[in-house]
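Protein sequence lines correspond, in order, to chains S and E.
All residue numbers in the first sequence are consecutive under this note's numbering, ending with 146.
All residue numbers in the second sequence are consecutive under this note's numbering, ending with 292.
Note that CB positions come from ideal geometry on N, CA and C, so glycine has one too.
The structure presented is a predicted model; accordingly, all values stated were derived computationally and were not measured.
Report on the structure given below.
Protein chains: 2
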Amino acid sequence: MVTSVVIHLKQISTRFSIAVHTLSLIAVYPKDCTGDFIAGSVNTNPVVIRRIMGMLKKAGLVDVRPGVGGASLLKDPERITLLDVYRAVNVTEEDRLFRIHGNPNIHCFVGRNIEQALQKELKEAQSVMEQRLAQTTLDQLIGKFK
Amino acid sequence: MVTSVVIHLKQISTRFSIAVHTLSLIAVYPKDCTGDFIAGSVNTNPVVIRRIMGMLKKAGLVDVRPGVGGASLLKDPERITLLDVYRAVNVTEEDRLFRIHGNPNIHCFVGRNIEQALQKELKEAQSVMEQRLAQTTLDQLIGKFK
DNA sequence: ACCGATGTAACCATTATAGTTACACCTAAT
DNA sequence: ATTAGGTGTAACTATAATGGTTACATCGGT
Chain S
1 MVTSVVIHLK QISTRFSIAV HTLSLIAVYP KDCTGDFIAG SVNTNPVVIR RIMGMLKKAG
61 LVDVRPGVGG ASLLKDPERI TLLDVYRAVN VTEEDRLFRI HGNPNIHCFV GRNIEQALQK
121 ELKEAQSVME QRLAQTTLDQ LIGKFK
Chain E
147 MVTSVVIHLK QISTRFSIAV HTLSLIAVYP KDCTGDFIAG SVNTNPVVIR RIMGMLKKAG
207 LVDVRPGVGG ASLLKDPERI TLLDVYRAVN VTEEDRLFRI HGNPNIHCFV GRNIEQALQK
267 ELKEAQSVME QRLAQTTLDQ LIGKFK
């Protein structure tokens, strides 16, 4: 009997793309960016934006004016990379993209060796991905808008 | 008031590392690899292994002998890459590692452009990561075991 | 026919996500 | 000083993926 249940991997959260959208908005419309304005462009709830703004603030990317509202960039768009944004909103355990199963059987030749050997490869794969993100700045991204 | 709630990104499933572990076992111990044996080395429930074996089978990487049990590789360890394994077990929507928020406001200059511009960058980042995985074979990985 | 193995359904606890309401607080403008 | 609009954050929700588990049908060599 064949039934097929498609398993979907949990992908990298939309927090990342929403954060990039948010920073692009602030760069393009430096005067108007309240949470509600951003939420209107992203098309989501303002609280979702405020949460992400909190992360961007903590990462030193934006400044949010308390009370009156509105946000501004703390770095030039030429100096903000996609990696900066990715790191700001993707708080992973020890910054690891890949999980590795714990407690393999150390009495087994493979179980005893797999973790360290695989860890090294996966870190490299993660690293090249992040370095590619680091090559694109907010400025370059906005430059592609039509 | 400052409270800090750490948000952990859902990382790439341990299915991947368990699959690599499983294939390594079959390569090293071609005679003994029943689901229970593998589960004993991975240190998990046999059903978890059987599920992953099903994915590896569907990907054409292994053959499982029905009835009597035991698994064997369908390709040489020198010709199985980490990318093959990754693709076999990580069934993501359209193979996309990154999610992008849907339905941005197309009446906004940024909302109208962000998806396409960002998509291109993220695909490239995913691609370099996958190409790095493709550079490591099962054989090379096992060669690092001590 | 038996025995050990596989295939898979079904269920569960845990956790991340993303949306939502609610409300305290802050600042400028009146 | 009061008000209006915006921010910060807690709390709750529905949805979904994960990984473990039990149960059971089926397969195939001995």
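query                                                                                                                                               : result
Rounded to a whole number of angstroms, what is the C-alpha to C-alpha distance between S:F98 and S:V89?                                            : 17 Å
Using alpha carbons as the reference points, say which of S:N105, S:L74 and S:V110 lies closest to S:K58.                                           : S:L74
Can we count E:E270 as close to the ligand PLP, meaning its CB is less than 8 Å from some heavy atom?                                               : Ligands are entirely absent from the displayed structure, and the ligand PLP is therefore not among its contents.
At what residues does the alpha helix (DSSP H) containing S:A19 begin and finish?                                                                   : T14 to V28
If contact means a Cβ-Cβ distance below 8 Å, which residues of the region 67-94 of chain S contact chain E?                                         : L82, N90, V91, T92 and E93
What residues are listed by DSSP as bridge partners for S:T81?                                                                                      : S:T137
Could you tell me whether the Cβ atoms of S:P104 and E:S218 are closer together than 9 Å?                                                           : no
Buried or exposed for S:V2, going by 16 or more other Cβ atoms inside 10 Å?                                                                         : Its pLDDT being 41, under 50, S:V2 is placed unreliably by the model, and the measurement read from it follows with that caveat. S:V2 is exposed by the Cβ-count criterion.
Mind checking which residues open and close the beta strand (DSSP E) that includes E:A217?                                                          : A217 to L219
In terms of residue numbering, what span does the beta strand (DSSP E) encompassing E:D241 cover?                                                   : Premise fails: E:D241 is in no beta strand (DSSP E) and is neither H nor E.
Are S:A193 and S:P46 close, meaning C-beta to C-beta below 9 Å?                                                                                     : With chain S covering 1 to 146 only, the question about residue 193 of chain S has no answer from this structure.
Relative to the C-alpha of S:V64, which candidate in S:E94, S:L82, S:D32 and S:R87 has its C-alpha closest?                                         : S:D32
Beta-carbon of E:M275 versus every beta-carbon of chain S: anything under 9 Å?                                                                      : yes
Find the nearest neighbour of S:V95 within the set S:G70, S:F109, S:Q126 and S:H101, judged by alpha-carbon distance.                               : Before going on, a small fix: residue 95 of chain S reads as Asp here, not Val. Of S:G70, S:F109, S:Q126 and S:H101, the residue nearest in Cα terms is S:Q126.
Does any residue of chain S have a CB that is nearer than 9 Å to the CB of E:P250?                                                                  : yes
Could you list which residues in chain S have their beta carbon closer than 8 Å to that of E:R242, in chain order?                                  : Q11
Beta-carbon of E:T180 versus every beta-carbon of chain S: anything under 9 Å?                                                                      : no
Verify the CB distance criterion: does S:R99 have a CB-CB separation below 9 Å to chain E?                                                          : yes
Just reading off the beta strand (DSSP E) that E:D209 is part of, what are its end residues?                                                        : V208 to V210
From S:L118 to S:V48, what does the alpha carbon distance come to, in whole angstroms?                                                              : 36 Å
With a threshold of 9 Å between beta carbons, is S:V42 in contact with chain E?                                                                     : yes
Got a sec? Which residues, its chain only, sit under 8 Å from S:S4 by beta carbon, not counting five neighbours each side?                          : Low confidence applies to S:S4: its pLDDT is 48, below 50, so where it sits in the model is not reliable, and the reading given next is rough at best. Same-chain partners within the cutoff: there are none.
Specify the secondary structure class of S:Q11 as computed by DSSP and reduced to three states.                                                     : coil
Taking E:I164 and S:H101 to be in contact with their CB atoms under 8 Å, please state how far apart those CB atoms are, rounded to whole angstroms. : 5 Å
Within 10 angstroms of the Cβ of S:Q116, are there 16 or more other Cβ atoms? Answer buried if so, exposed if not.                                  : exposed
For E:L268, would you say it is in contact with chain S, using Cβ-to-Cβ distances shorter than 9 Å as the test?                                     : yes
Helix, strand or coil: which one does DSSP assign to S:F125?                                                                                        : Reading off the sequence, residue 125 of chain S comes out as Ala, not Phe. Helix, per DSSP.
Since S:F145 is in the alpha helix (DSSP H), which residue starts that stretch and which ends it?                                                   : Here S:F145 belongs to no alpha helix (DSSP H), and DSSP marks it neither H nor E.
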